[in-house]
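Going by the numbering used here, the first residue of the sequence shown is number 10, and it counts up by one from there. Heads up, the beta-carbon is just placed ideally off N, CA and C, and yes, glycines get one too. Here's the structure, in structure tokens; my notes come after.
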Amino acid sequence: MKRRILIKLLEEKGWYLKRHGGDHDIYTNGVESEPIPRHPDIKERLANKIIKKYKLR
10 MKRRILIKLL EEKGWYLKRH GGDHDIYTNG VESEPIPRHP DIKERLANKI IKKYKLR
């Protein structure tokens, strides 16, 4: 999955960039935080896990 698509799904649900980490950007919704790898493509397994965990679809 493209990184920008996953970030768009997060932002549509109210998530925002909290800070830049070493190899990840940290996104939060004010309560929970999730590191998002800073690669152009994110492995499908990881992307699906994040989508399912936070009910982004």
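Looking at Ile45: is its Cβ nearer than 8 Å to the Cβ of Ile16? Their beta carbons are under 8 Å apart, which means Ile45 touches Ile16 by this criterion.
Give the range of the alpha helix (DSSP H) segment to which Lys27 is assigned. No alpha helix (DSSP H) holds Lys27; the beta strand (DSSP E) holding it covers Tyr25 to His29.
Checking the sheet assignment: what are the DSSP bridge partners for Lys22? In the DSSP output, where bridge partners are listed per residue, Lys22 has none listed.
On the criterion of 16 or more Cβ atoms from any shown chain inside 10 Å, does Ile51 qualify as buried, or is it exposed? That one is buried.
Who are Tyr63's beta bridge partners in DSSP? Under the DSSP definition of a beta bridge, Tyr63 lacks any partner.
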